[in-house]
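Written out below as structure tokens is the structure these notes cover.
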Amino acid sequence: METKQNTIQIDIMYYYSDEAETLMVYDEEAMREEFESQLTKLTNN
Amino acid sequence: MKRIIIYRLYDSTYGEQGNAKTLSVLLNDDNCLSYIYYGGWQDSGMGFSISNMQLQKSLPTSISRFKNSNELHEEIKSVLATGLGANKINYYEILNELKQTKPSSIKVKTLYYYSDEEETIKVYDVEAMREEFESQLNQLINS
């Protein structure tokens with residue numbers, strides 16, 4: 000029997016905003032891209 | 000979830016170790032507090048209802064007004080003092096500092112709508128899921 004996925008889960012992503020790699024900021028665009036990718040997969044199943 | 004404070008409690012009517020109970024204070028992933036109240040001073044025991052202590056004030060459920068674990072402890076101590084029975088503190092220990100926990104992922108429930116009047120054909124509600132994702136992302140960034 001086929002089971003349908005009931006959530007889309009996106010890991011929180013960060014990047015370093017300085018060269019010394021001390022300041023971490025949320026990577027909004029990467030998370031958005033991952034969400035869109037999973038959404039596309041889900042709707043094309 | 001992490002354990003913030005543990006209290007070893009007793010009922011002074013029966014001496015310094017009378018009717019031993021443990022109250023464990025937990026910080027959940029949603030930054031709300033929850034409590035486990037059980038018999039004995041070991042790591043586990045039979046569960047009891049906090050209402051047995053007949054507290055006149057409520058134990059805090061949110062961490063927003065506390066700067067650190069010690070402030071939370073002071074509040075819990077004052078609430079316990081309003082109760083009866085096994086509400087006296089024999090020993091307590093702050094196990095973790097009170098820091099808001101950050102989520103490790105964003106979870107969006109799969110949403111649908113019916114595309115026909117008879118409500119037999121379900122289709123993915125892409126826009127609603129996108130809105131939910133953006134809302135959670137916004138909350139995360141502004142937290």
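The listed protein sequences correspond, in order, to chains A and B.
Numbering-wise (numbering that gives the first Met the number 0), the first sequence opens with residue 0 and increments by one.
Numbering-wise (numbering that gives the first Met the number 0), the second sequence opens with residue 0 and increments by one.
Virtual Cβ for every residue (Gly too), placed ideally from N, Cα, C.
Which chain B residues sit within Cβ distance under 9 angstroms of Asp10 (chain A)?
Working through the first sequence from its first residue, we reach residue 10 (chain A) at position 11. Those within 9 angstroms of Asp10 (chain A) in chain B are Ser103, Ser104, Ile105.
Secondary structure, beta strand (DSSP E): runs of 3+ residues fully inside the region 78-108 of chain B
87-93, 104-108
By DSSP, does Ser134 (chain B) sit in helix, in strand, or in coil?
One-based indexing of the second sequence puts residue 134 (chain B) at position 135. Three-state DSSP puts Ser134 (chain B) in a helix.
Going by other Cβ atoms of all chains shown within 10 Å of its Cβ, with 16 needed for buried, is Leu94 (chain B) buried or exposed?
One-based indexing of the second sequence puts residue 94 (chain B) at position 95. The residue in question, Leu94 (chain B), is exposed, as its Cβ has fewer than 16 Cβ neighbours within 10 Å.
Any idea which residues DSSP pairs Asp10 (chain A) with across the strands?
Position 11 of the first sequence, counting from 1, holds the residue named residue 10 (chain A). Bridge partners of Asp10 (chain A): B:Ser104.
Between Ile120 (chain B) and chain A, is any beta-carbon pair separated by less than 8 angstroms?
Numbered from 1 along the second sequence, position 121 holds the residue referred to as residue 120 (chain B). For Ile120 (chain B), the answer is no, since every Cβ of chain A falls outside 8 angstroms of its Cβ.
Beta-carbon separation (whole angstroms), Met45 (chain B) vs Tyr37 (chain B), contact threshold 8 angstroms
Position 46 of the second sequence, counting from 1, holds the residue named residue 45 (chain B). Position 38 of the second sequence, counting from 1, holds the residue named residue 37 (chain B). Contact holds; Cβ gap of about 6 angstroms.
Is there contact between the region 8-25 of chain B and the region 80-90 of chain B, where contact requires at least three CB pairs shorter than 8 angstroms?
yes
Specify whether the region 51-58 of chain B and the region 73-81 of chain B touch according to this definition: at least 3 beta carbon pairs, one from each stretch, less than 8 angstroms apart.
yes
Just checking: is the beta-carbon of Met128 (chain B) within a distance shorter than 8 angstroms of some beta-carbon in chain A?
As a working note, residue 128 (chain B) is residue 129 in the second sequence. Answer yes: the Cβ-Cβ gap between Met128 (chain B) and chain A drops below 8 angstroms somewhere.
Which residue wins for smallest C-alpha separation from Ile7 (chain A), given the options B:Leu139, B:Met128, B:Asn141, B:Ile140?
Looking up residue 7 (chain A) in the first sequence gives position 8. Closest by alpha carbon: B:Met128.
Can the beta-carbon of Ser103 (chain B) be found closer than 8 angstroms to that of Ile11 (chain A)?
Position 104 of the second sequence holds residue 103 (chain B). Position 12 of the first sequence holds residue 11 (chain A). In contact: Ser103 (chain B) and Ile11 (chain A) (Cβ atoms closer than 8 angstroms).
For Thr109 (chain B), which residues in the same chain have their Cβ closer than 8 angstroms to its Cβ, ignoring the five residues on either side in sequence?
By 1-based counting over the second sequence, the position of residue 109 (chain B) is 110. The residues are Tyr123, Met128.
By Cβ distance below 6 angstroms, which residues in the same chain neighbour Glu74 (chain B) in space, the five residues on each side in sequence not counted?
The residue you call residue 74 (chain B) lines up with position 75 of the second sequence. If we look at Glu74 (chain B) and ignore the five residues flanking it on each side, its Cβ neighbours are Pro59.
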